[in-house]
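Numbered according to my numbering, the sequence shown spans residues 88 to 491.
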Amino acid sequence: MTANEIRLSFLSYFERNGHRIVASSPLVPHDDPTLLFTNAGMNQFKDVFLGKEKRDYTRATTAQKCMRVSGKHNDLDNVGPSFRHHTFFEMLGNFSFGDYFKREAIPFAWKLLTEEWKLQPDRLWATIFNGDAAVPRDDEACDIWRKFLPVERIGELGAADNFWQMGDTGPCGRCSEIYYFRGSEVGCNEEAAGGVCRGSSAAATASSKIWNNVFMEFDRQANGTLNPLPAPSIDTGMGLERVTAVIQGHLSNYDTDLFTPLLRAIGERAGTTHRGTMEPPDVSMRVVADHMRAMTFLIADGVVPSNEMRGHVLRKIMRRAMRHGQRLGVLEPFLHTLVDVIVREFGDAYPELKAGRSAIVQVVRSEEERFDAVLTDGLPKLEDVLDKAAAGNKVVSGDVAFRL
Ligand code: SER
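Pasting the structure below:
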């Protein structure tokens, strides 16, 4: 299946099971000051979980545009070295607003993975919450999983892994994560890069975490108290990039058709090919590909580069992509020429890309030219200041640093 087919098959499976297909909300959250960018499928339903808003459906399914570049969920530093982390990604989800709960949600997930998508059942394993002072162990989720999995493939982890919350406050609950075992021969990305594994357990390094099923039950208050939600609810999230890698048989998300057309285009500009290693040119290609998707989707949702808030994050991402482009030897502005690849690949699923195409190209191009001018103008000035400081008292005054 192509990634576009996987996205559609997820939505149609849940539609057949009584869910309303709801469009992704924009990356800029509507009316939620606790959030810089949409970071999960449940964001647009936050008030529905809290009982402050009613919809004419109690089951929904979405492919949601997400950014994890700030706040509680931030993957920026992993992008490049990691094969499985992104700033921008798509989260597939099914939601129940006081309708079904764990007894239906776990079988829904199991049947999609093993019957619709035909993943090998014996490669799947799951985790549940092991309990702490505030919330007890999830006995019920464990019992339900026992119908599908032997006990040794049901892991029990603490709050860091198996209690999900969107931010410091808001809807939250115990969760159960589903992993796909890639095989013991699969090394850990961090180790391959010369570092140490950051996985939650040794087994996790050979497995890919593909789906998080959150059993929403509480509304966390600023003082940490957990108030009950009006009704137990379901919020699930599956990274399209990861599950596509599993279904298409790749270890790296960057080898799926969500990235290969873009990496090919970057390679054409840079006169190279992405070989999926930890060598600097491959890392730079992954950074450019990841950031290119992020900037295109952000600009389509109305964010423009600036020095404040969301615009600042966008500018940071764009300039990081430009620097990595230069490391690949592309000295001319080129990112704006990649926008069309993304519009072509994602425009059917996200029509705002088609509608915004020429504005996006223009914004990327002018930011590239601006950064070019900053470097052409600023680098000699910086070198001059550093030379003078080196020859003198080795100090750059605050005033000069500010002007730079
Ligand atoms: N909200 C949960 C997550 O982001 C499940 O969608 O992991």
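Where a beta carbon is used, it is the ideal one built from N, C-alpha and C, also for glycine.
Original post:
Roughly how many angstroms lie between the CA atoms of Glu257 and Gly363, to the nearest whole one?
Top reply: The amino acid occupying residue 257 in the given sequence is Gly; Glu does not appear at that position. If you take the alpha carbons of Gly257 and Gly363, they lie about 39 Å apart.
Original post:
Skipping 5 residues on each side, what residues in its chain have a beta carbon closer than 6 Å to that of Glu272?
Top reply: Residue placement at Glu272 is flagged as unreliable, the pLDDT there being 46, under the threshold of 50; a coordinate-derived value is accordingly withheld.
Subject >> Secondary structure of Met409, DSSP reduced to three states >> reply: Taken through DSSP and simplified to helix, strand or coil, Met409 comes out as helix.
Original post:
Where does Tyr437 sit, in a helix, a strand or coil, going by DSSP?
Top reply: Look at Tyr437 here: in three-state DSSP terms it is coil, with no helix or strand label.
Original post:
What is the DSSP secondary structure of Lys481, reduced to helix, strand or coil?
Top reply: Looking at Lys481 - three-state DSSP - the assignment turns out to be coil, as it is neither helix nor strand.
Original post:
Should Gln131 go down as buried or exposed, given a rule of 16 or more other Cβ atoms within 10 Å for buried?
Top reply: Gln131 sits buried, since 16 or more C-beta atoms from the chains shown fall within 10 Å of its C-beta.
**OP:** Could you round the C-beta distance between Ile93 and Ile334 to whole angstroms and report it? I think they count as a contact, below 8 Å.
**Re:** Confirmed, about 6 Å.
**OP:** Would you check whether ligand 1 has a heavy atom nearer than 8 Å to the C-beta of Val156?
**Re:** Of the heavy atoms belonging to ligand 1, none sits nearer than 8 Å to the Cβ of Val156.
Original post:
Which residues does DSSP pair with Met129 in a beta bridge?
Top reply: Looking at the DSSP assignment, Met129 forms no beta bridge with any residue, so it has no partner.
Subject >> Beta-carbon proximity list for Leu137, same chain, < 8 Å, skipping 5 on both sides >> reply: Cβ within range, chain order: Gly257, Pro258, Asp306, Leu316 and Pro317.
Original post:
Does the stretch 189–207 come within contact of the stretch 157–171, defined as at least 3 CB pairs closer than 8 Å?
Top reply: They do not touch, by the three-pair rule.
**OP:** Would you list the one or two residues that DSSP bridges to Asn314?
**Re:** According to DSSP, Asn314 bridges with Asp306.
Original post:
Would you say Ala213 touches ligand 1, meaning its beta carbon is less than 8 Å from a heavy atom?
Top reply: The closest heavy atom of ligand 1 lies 8 Å or more from the beta carbon of Ala213.
**OP:** Give me the Cβ distance between His411 and Ser371, rounded to the nearest whole Å; I'm assuming they're in contact under 8 Å.
**Re:** Right, the Cβ-Cβ distance comes to about 4 Å (below 8 Å), so this counts as a contact.
**OP:** Please go through the same chain and pick out, in chain order, the residues whose beta-carbon is closer than 8 Å to the beta-carbon of Ser295, but skip the five residues on each side of it.
**Re:** Excluding sequence neighbours, Ser295 sits near Arg171, Tyr266, Tyr267, Arg269, Arg329, Ala332 and Val333.
**OP:** Determine, using beta carbons only, whether Leu199 comes closer than 9 Å to chain C.
**Re:** Judged by its chain identifiers, the structure shown contains no chain C, having just a single protein chain.
Original post:
Measuring from the CB of Ala232, is there a heavy atom of ligand 1 at a distance below 8 Å?
Top reply: The sequence given here places Trp at residue 232; Ala does not occur at that position. Checking every heavy atom of ligand 1 against the Cβ of Trp232, none is found closer than 8 Å.
**OP:** For Ala127, verify whether its CB is less than 8 Å away from any heavy atom of ligand 1.
**Re:** For Ala127, the CB falls within less than 8 Å of some heavy atom of ligand 1.
Subject >> Own chain residues within Cβ distance below 7 Å of Glu227, not counting five before or after >> reply: Cβ neighbours of Glu227 beyond the five flanking positions: Lys189.
Subject >> Helix, strand or coil at Trp251 according to DSSP, with G and I counted as helix >> reply: In the three-state reduction of the DSSP assignment, Trp251 falls in the strand class, which pools E and B.
Original post:
Can Val461 be considered in contact with ligand 1, in the sense that its beta carbon sits closer than 8 Å to one or more heavy atoms?
Top reply: No, ligand 1 has no heavy atom inside 8 Å of this Cβ.
**OP:** Check the DSSP bridge columns for Met379 and list the partner residues they point to.
**Re:** Answer is none; Met379 lacks a bridge partner.
**OP:** Take the Cβ of Pro237 as the centre, count every other Cβ of all protein chains shown within 10 Å, and call the residue buried at 16 or more, exposed below.
**Re:** When all chains shown are included, Pro237 counts as exposed.
Subject >> Beta-carbon proximity check, Asn126 vs His160, cutoff 9 Å >> reply: Yes. Within cutoff.
Subject >> Phe101 versus Lys234: straight-line alpha-carbon distance, rounded >> reply: One C-alpha to the other measures close to 21 Å.
Subject >> CB-CB length for Ala192 against Thr359, believed under 8 Å >> reply: Between Thr359 and Ala192 the Cβ distance is about 45 Å, and since that is not below 8 Å, they are no contact.
Original post:
For the alpha helix (DSSP H) that contains Asn394, what are its first and last residues?
Top reply: Note, Asn394: premise wrong, no alpha helix (DSSP H); not H, not E.
Subject >> Distance CB(Phe494)-CB(Met253) smaller than 9 Å >> reply: Because the chain spans 88 through 491 in this model, residue 494 falls outside it and cannot be assessed.
Original post:
In chain order, what residues of the same chain have a beta carbon less than 6 Å from the beta carbon of Glu454, not counting five sequence neighbours either side?
Top reply: Excluding sequence neighbours, Glu454 sits near Pro392 and Met405.
**OP:** Please confirm whether any heavy atom of ligand 1 lies closer than 8 Å to the CB of Thr323.
**Re:** Answer for Thr323: yes, Cβ within range of ligand 1.
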